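>
Residue numbers (my numbering): 2 to 212.
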């Protein structure tokens, strides 16, 4: 973990741990998050646990889809929320909070991959040719796509995951990663072309091996 839980007061540490381990998956509304931010600003420490509960599924999803390891994803998500605890007073709105969490989680994923040379296994069905929807139901095709995504460099790989797994718009990805939106679109375009070419080669080899 980038930042130790020991670096914060015991009560806050318990809130982070309880919020992560005891919370159910949920999709927060703007009103709910705004209420949590207001309560926290007024000194209600329990509001932080509610924020963790409301946003943990989003953060964990980004981490797991990139790392493909539950323990590593949980550790990274906990690290993100620890960092949030130290910066929560700077969150001005629910939109700001959600953007901040996505940005920090994305950068943590890249940092973790660079340190450990992890290559995740991600299934991105949209990479396949849209003219052949039946092929997407084939588990073998899906696994092949996942392995091909692993071959992408860290940043293009994360962009593909955020776009097709997390359903983020290119403009949202650009803002989260701090790059021009045209750069994001360029990464997506090149990555999809490369992945489809590799997929075609693998399928050709598979056919040749059966004949």
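C-beta: ideal position from N, C-alpha, C; glycine also. No experiment lies behind these values; they were computed from the predicted model shown.
#1: Please report the residue range of the alpha helix (DSSP H) in which residue 34 lies.
#2: Would you call residue 57 buried or exposed, if buried means 16 or more other Cβ atoms sit within 10 Å of its Cβ?
#3: Determine the extent of the alpha helix (DSSP H) in which residue 1 is found, giving its start and end residues.
#4: Look at the Cβ atom of residue 104, then the Cβ atom of residue 178, and state whether they are nearer than 9 Å.
#5: Would residue 149 and residue 203 qualify as a contact pair, given that the criterion is a beta-carbon distance under 9 Å?
#6: Extract the residue ranges of the beta strand (DSSP E) inside the stretch 162–207, only unbroken runs of 3 or more that lie entirely within it.
#7: Find out if the Cβ-Cβ distance for the pair residue 75, residue 61 is shorter than 9 Å.
#8: Which residues bound the alpha helix (DSSP H) around residue 91?
#9: Taking the alpha-carbon positions, what's the residue 199 to residue 162 distance?
#10: Of the residues 89, 52, 39 and 157, which one's Cα is nearest the Cα of residue 194?
#11: Have a look at 52, 34, 175 and 168 and flag the residue whose alpha-carbon is nearest the alpha-carbon of residue 95.
Reading it off the structure:
#1: 31–42
#2: buried
#3: Lying outside 2 to 212, the shown extent of the chain, residue 1 is not represented and no answer is given.
#4: yes
#5: yes
#6: none
#7: yes
#8: Counting along the chain, residue 91 falls outside any alpha helix (DSSP H), and DSSP gives it neither H nor E.
#9: 18 Å
#10: 157
#11: 34
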